[in-house]
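The next block holds one structure in the form of structure tokens; read it before the comments.
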Amino acid sequence: MSSAFLSLSSDVMGVVLEHADVPTLRLLRLVSKTMNSFAEPAAFRIATIHISRLQGCTEADLQTRLFAQDSPANRWAKQLTINSLAPVELSYSTRRPKDIIACRLVQRMRKVETVRYYVKAWESYPLILSALANLPKLRGLSLNFISPIPNVLPLEEFAGLTEIELHSVVLSAEITEGLSAMIQRCPDLKRLGITTWKRSKPFNAPPAPVIGTELTALFPSTYQSNLTHFTSTNDSFVLSSSSVRFLGSLSHLHIRNTQNVHPSFWQTLQADGIRLTSLAVYPLSPPVVTYLTSYSGLSDLSITHAKFSNGIIGDLAHELFFNVLPCHQATLQHLSFGQYLPFEAWSITEEYLERILLCRFLKTLSLLFRYPHTFPSVADPSRVHGGPIVDVPFISLVSKPTSFSMDYTHLAR
């Protein structure tokens, strides 16, 4: 096996090892010294810092286990995840803060390009963030806030990023200002995603008024934006016609709820000839439909809805199937309807199915459909209790010959 592998070119070897799992890569490292030189970079390209409560761990143990300068993770890690910084039980005379331990680990991973950090309020997260900001090759940063964080984040220390994601962040004035300074230092930023922290509220409580910040507050007036991907929750930012000047290169847009999106935003996208290739949005509104019917070329369309959301519920399903889909049927590859959509409006019908079947290049499809609770597990699902089901369009979908190249079809009940 070793000689067969070694006869491959380095490019082909790289492709093969890309698809191998970690246990396989570890075994390949033992085959030979030459094989190890190929397998080791792939085996250690992803690293995770997860410091748990280690009983009886001494300073010497940490030096040996974690801080070796020539460790494979330090040499090869390109993706880093920081999961947990639980206190480490050291000897009574040599306690070190857990955050200092994590900082020292981060500082040694000089080849890391992307980081996902699960931030906890009880950690010294400014220290960790400062260490991450000093990584010379860092290009992608994802911060997931497990609990609300105070108003100070050293975001302005980061520079040169192409991807920024902030999940469950509290957008205070101070954090918004720091985020703006961060973006100003990232002229090649391509992807920006921001979801805000939501406090729980009583079930069936009326939706609270949403007061968002204008998206323009993030961008200095002289900033030349190259954003291609933008994700925002309904209460992150207000999107209006003035926002479009910073979204001239936009191709992928994900808006979890559109109540803070002015009609002028969609009108300006249309007027400026900005054609999205991927859109995830809910609820639909007449301006969204008008925009989507103004051009062709959409490849991904997802109509989503948050579970137990009290937001505005729109009913433009008929317009989507009969007006929007025909405009994009030659390019649409991924079509999805979220499982929490209002069933009465969005469950699949024969009419809707006929429109979907005109999209000949679909690769993935997620639908809502209705079938009886008594649906048995039988060889012929078109018959229940000896009688045919004539109102289940799923049967039409799986029995009708098409030229679909779908990877999967998910049908939500």
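For the sequence shown, the positions run 1430 to 1842 when the working numbering is used.
Note that CB positions come from ideal geometry on N, CA and C, so glycine has one too.
- Take residue 1598, set aside five residues on each side of it, and the residues of its chain with a beta-carbon closer than 8 Å to its own are 1572, 1574, 1578, 1604, 1623, 1624, 1625, 1626, in chain order.
- Bounds of the beta strand (DSSP E) holding residue 1545 are 1543-1548.
- Residue 1731 is positioned such that its CB atom lies closer than 8 Å to that of residue 1709.
- Just measuring C-alpha positions, the residue of 1706, 1671, 1721 sitting nearest residue 1697 is 1671.
- Going by DSSP, residue 1612 is part of the alpha helix (DSSP H) stretching over 1602-1613.
- Your pair residue 1618 and residue 1563 does not check out as a contact, with CB atoms roughly 19 Å apart and the cut at 8 Å.
- Rounded to the nearest whole angstrom, the C-alpha separation of residue 1595 and residue 1645 is 17 Å.
- By the neighbour-count criterion, in which 16 or more other beta carbons inside 10 Å mark a residue as buried, residue 1607 falls on the buried side.
- Here the alpha carbon of residue 1783 sits roughly 33 Å from the alpha carbon of residue 1691.
- As DSSP reads the structure, residue 1476 sits in a beta bridge with 1509.
- In this structure, residue 1667 lies away from residue 1687, with their beta-carbon atoms at least 8 Å apart.
- Per DSSP, the continuous beta strand (DSSP E) segment holding residue 1592 begins and ends at 1592-1598.
- Under the 10 Å beta carbon count, residue 1552 is surrounded by 16 or more other beta carbons and is classified as buried.
- Apart from sequence neighbours up to five positions away, the residues of its chain that approach residue 1546 with a beta-carbon distance below 6 Å are 1511, 1572, ordered along the chain.
- Straight across, the Cα-Cα distance linking residue 1771 with residue 1585 is about 42 Å.
- Separation of the CB atoms of residue 1567 and residue 1535 is rounded to 10 Å, and the pair is thereby denied contact status at 8 Å.
- In this chain, the alpha helix (DSSP H) harbouring residue 1719 covers 1715-1721.
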